[in-house]
Amino acid sequence: MTRKIALEEHFLVEGFANMGRTEGSGPAAVFRRQAAERLPEIDALRLDAMDKAGIDIAVLSLFQPGIQGERDTATAIRKAKTVNDTLAQRIARHPARFRGFAAVPMQDPQAAADELERAVKELGFKGALINGHTQGVYLDDPRCLPFWERVAALDVPIYLHPANPMTIPAAFEGYPGLAGAIFGWAAETGGHALRLVLSGLFDRFPSLTVILGHMGEALPFYLWRIDSRFKISEPKVSLRQLPSAYIRRNIAVTTAGTFSPEPLRCTIDAMGLDRVLFSVDYPLEDSDEAARFIETSPLSDGEREAVCFRNAERLLRL
Ligand code: MN
Numbered sequence: 003m004t005r006k007i008a009l010e011e012h013f014l015v016e017g018f019a020n021m022g023r024t025e026g027s028g029p030a031a032v033f034r035r036q037a038a039e040r041l042p043e044i045d046a047l048r049l050d051a052m053d054k055a056g057i058d059i060a061v062l063s064l065f066q067p068g069i070q071g072e073r074d075t076a077t078a079i080r081k082a083k084t085v086n087d088t089l090a091q092r093i094a095r096h097p098a099r100f101r102g103f104a105a106v107p108m109q110d111p112q113a114a115a116d117e118l119e120r121a122v123k124e125l126g127f128k129g130a131l132i133n134g135h136t137q138g139v140y141l142d143d144p145r146c147l148p149f150w151e152r153v154a155a156l157d158v159p160i161y162l163h164p165a166n167p168m169t170i171p172a173a174f175e176g177y178p179g180l181a182g183a184i185f186g187w188a189a190e191t192g193g194h195a196l197r198l199v200l201s202g203l204f205d206r207f208p209s210l211t212v213i214l215g216h217m218g219e220a221l222p223f224y225l226w227r228i229d230s231r232f233k234i235s236e237p238k239v240s241l242r243q244l245p246s247a248y249i250r251r252n253i254a255v256t257t258a259g260t261f262s263p264e265p266l267r268c269t270i271d272a273m274g275l276d277r278v279l280f281s282v283d284y285p286l287e288d289s290d291e292a293a294r295f296i297e298t299s300p301l302s303d304g305e306r307e308a309v310c311f312r313n314a315e316r317l318l319r320l
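Position one of the sequence shown corresponds to residue 3 (this note's numbering), numbered consecutively onward.
Take a look at the structure:
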């Protein structure tokens, strides 16, 4: 089995909402109950799932909406520090197996920059994971520039994770899950990433890396169309390159929650082999299924190793 590093692996601590309703016997309740039990556990159960899937290292992040769900700025700043300190203590029990992505209080981008720097320099974290917009503010907002400036200085990746939009688009109403993981989150999160591209953020900070899960939230499939319609969109957005150039250069993609060889092939071919990284989305997805998928996908040995661990080692400096 190829050794693996996984980057979209979630945990929970007290003080944050868990999976919601877990009573009942239907598949949704069973799924939520199992995830709810596993989220707070950073020990034998998680290590066993990792061992069986050949995952050497899991980079842990606070389950959504996490800090982004906090309405009060002072509370968000305080809770982010507590969560990051707690995660660092839990990682220290199994230092060879776990790493951390920081939770950052984007309610105050300056405080988020400071907390990211503390988490990276003092706690040894590898970057941050942000659960989409923060109370309706997206990361292309000019108020977020001091945060991005620090990210560029620290030279760490930012994982942009799905979250529910402020209001559910009418097209996604009326069908359970449609606004969420079935499709809505891909539109919301892929759209958020495109806001970063169109804002010129990557012209300003050319070295940034933003990581998207779920095989790039469909963006790799869409590069030609994005460029084609960008060229004729009005009023003209001023960028030095076409959007696809930034997507290939500044966005990395994980396999979290998308265990299917056809989009994997498309993603590698569209983005470049060095931009695609293995992940599970534990405990919302099954680690065995994720491992079986990447072990049996029609890749060369070199491609499989790049996706499973080499790209992560380089990006996270492991
Ligand atoms: Mn996830």
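Here a beta-carbon is modelled for each residue, glycine too, at the ideal position from N, C-alpha and C.
Exposure of Arg95, with buried meaning 16 or more beta-carbon neighbours within 10 Å: exposed
Given a cut-off of 7 Å, decide if Glu117 and Ala82 are closer than it, judged by their beta-carbon atoms. yes
Closest to His12 by CA distance: which of Ala38, Glu264 and Thr4 is it? Ala38
Check Ala60 in the structure and name its three-state DSSP category. strand
Helix, strand or coil for Gly102? Go by DSSP, reduced to three states. strand
Proximity test, Asp283 beta-carbon vs the ligand MN heavy atom, cut-off 6 Å: yes
Classify Ile253 as helix, strand or coil using the three-state DSSP reduction. strand
List in chain order: all unbroken alpha helix (DSSP H) runs of 4+ residues lying wholly within the region 284-320. 289-298, 303-307 and 313-318
If we ignore side chains and look at the alpha-carbon of each, how far apart do Leu318 and Ala76 end up? 30 Å
Taking 7 Å as the threshold (C-beta atoms), are Thr24 and Arg34 in contact? yes
Could you pull out every residue in the same chain whose Cβ sits closer than 7 Å to the Cβ of Leu225, ignoring the five residues on either side in sequence? Ser246, Ile249 and Ala272
What separation, rounded to the nearest whole angstrom, lies between the Cα atoms of Ile160 and Val153? 8 Å
What is the residue span of the alpha helix (DSSP H) that His216 lies within? His216 to Glu219
Look up Ala130 in the DSSP assignment and say whether it is helix, strand or coil. strand
So, at 8 Å on beta carbons, what are the nonlocal neighbours of Ala19 in its own chain, with the 5 sequence-adjacent residues on each side left out? Pro67 and Gly71
Counted within 10 angstroms of its Cβ, other Cβ atoms place Tyr284 as buried (16 or more) or exposed: buried
Considering just the uninterrupted stretch of the alpha helix (DSSP H) at Ile270, what are its terminal residues? Pro263 to Met273
May I ask you to report which of helix, strand or coil DSSP gives Glu151? helix
Contact between the region 213-228 and the region 247-266 is defined here as three or more beta-carbon pairs at a separation below 8 Å; is this criterion met? yes
Residue closest to Ile59, alpha-carbon to alpha-carbon, out of Lys6, Asp110 and Gly22: Lys6
Count the CB pairs spanning the region 196-212 and the region 168-175 that are closer than 8 Å, and state whether there are at least three. no
Work out the CA separation of Phe127 and Arg101 for me, nearest whole Å. 6 Å
Would you be able to state if there are at least three C-beta pairs under 8 Å between the region 143-157 and the region 203-212? yes
Is the beta carbon of Asp290 sitting closer than 7 Å to the one on Ala55? yes
On the three-state DSSP scale, how would you describe Glu10? strand
Alpha-carbon to alpha-carbon, Lys233 and Asp50: 50 Å
What does the alpha-carbon distance come out to for the pair Pro107 and Asp87? 14 Å
Inter-residue Cα distance where the pair is Met21 and Ser230: 40 Å
Is it the case that the CB of Glu43 approaches a heavy atom of the ligand MN more closely than 6 Å? no
So, at 8 Å on beta carbons, what are the nonlocal neighbours of Leu279 in its own chain, with the 5 sequence-adjacent residues on each side left out? Ile7, Leu9, Ile213, Ala254, Val255, Thr256, Thr257, Val309, Asn313, Ala314 and Leu317
Count the other CB atoms within 10 Å of the CB of Glu190; is the residue buried (16 or more) or exposed (fewer)? buried
Under the criterion of a Cβ to heavy atom distance below 6 Å, does Glu10 qualify as lining the ligand MN? yes
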